[in-house]
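Q: I am attaching a structure below and will ask some questions about it afterwards.
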Amino acid sequence: MREWKMVEILADVAKECRFAAKRHPPMRSGHEGYAIIKEELDELWEAVKKDAPPEELYKEAHQVAATAIRFMADVCWERIPEKEVGDLAQR
């Protein structure tokens, strides 16, 4: 993937995260977060099955990504010791 494309996509997802944070309360548990992610993933799957245009697939994948990031922020972030946060993706 070209670096510039990834930067644009991540900026787009960050914007969606901020928008969602204003509209929805924080996820209260892993169970709740999983259910929300699954709902978004099911919407993406429905779009894939109907062979939706790339704009619709992008929108649905974009919401899955934003929801997963919200899960990380709402459910995980405060429970991870600060020194480990930057290293988690490397494990």
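Numbering of the sequence shown is given in our numbering, commencing with residue 65 and proceeding in unit increments. Glycine is no exception: its CB is placed at the ideal position from the N, C-alpha and C atoms.
1. Whose C-alpha, out of K86, I133, A116, is nearest the C-alpha of I101?
2. Since H126 contacts E96 with CB under 8 Å, what's their CB separation in whole angstroms?
3. Using a Cβ-Cβ cutoff of less than 7 Å, which residues in the same chain neighbour A111 once the five nearest sequence positions on both sides are dropped?
4. For the alpha helix (DSSP H) that M91 lies in, which residues bound it at each end?
5. Under 7 Å between the Cβ atoms of V139 and M91?
A: Looking at the coordinates:
1. Position 37 of the sequence shown, counting from 1, holds the residue named residue 101. The residue with the shortest Cα to Cα distance from I101 is I133.
2. Residue 126 sits at position 62 when you count from the first residue of the sequence shown. Residue 96 sits at position 32 when you count from the first residue of the sequence shown. Distance from H126 to E96 at the Cβ level is roughly 21 Å; contact not present, criterion being Cβ atoms closer than 8 Å.
3. Along the sequence shown, read from residue 1 onward, the residue named residue 111 stands at position 47. Counting only Cβ-Cβ distances below 7 Å, and skipping sequence neighbours, we find E120, L121, E124.
4. For this step, residue 91 is matched to residue 27 along the sequence shown. First-last for M91: undefined, no H or E at that position.
5. Reading the sequence shown from its first residue, position 75 is the one you call residue 139. Reading the sequence shown from its first residue, position 27 is the one you call residue 91. In this structure, M91 lies closer than 7 Å to V139 by Cβ.
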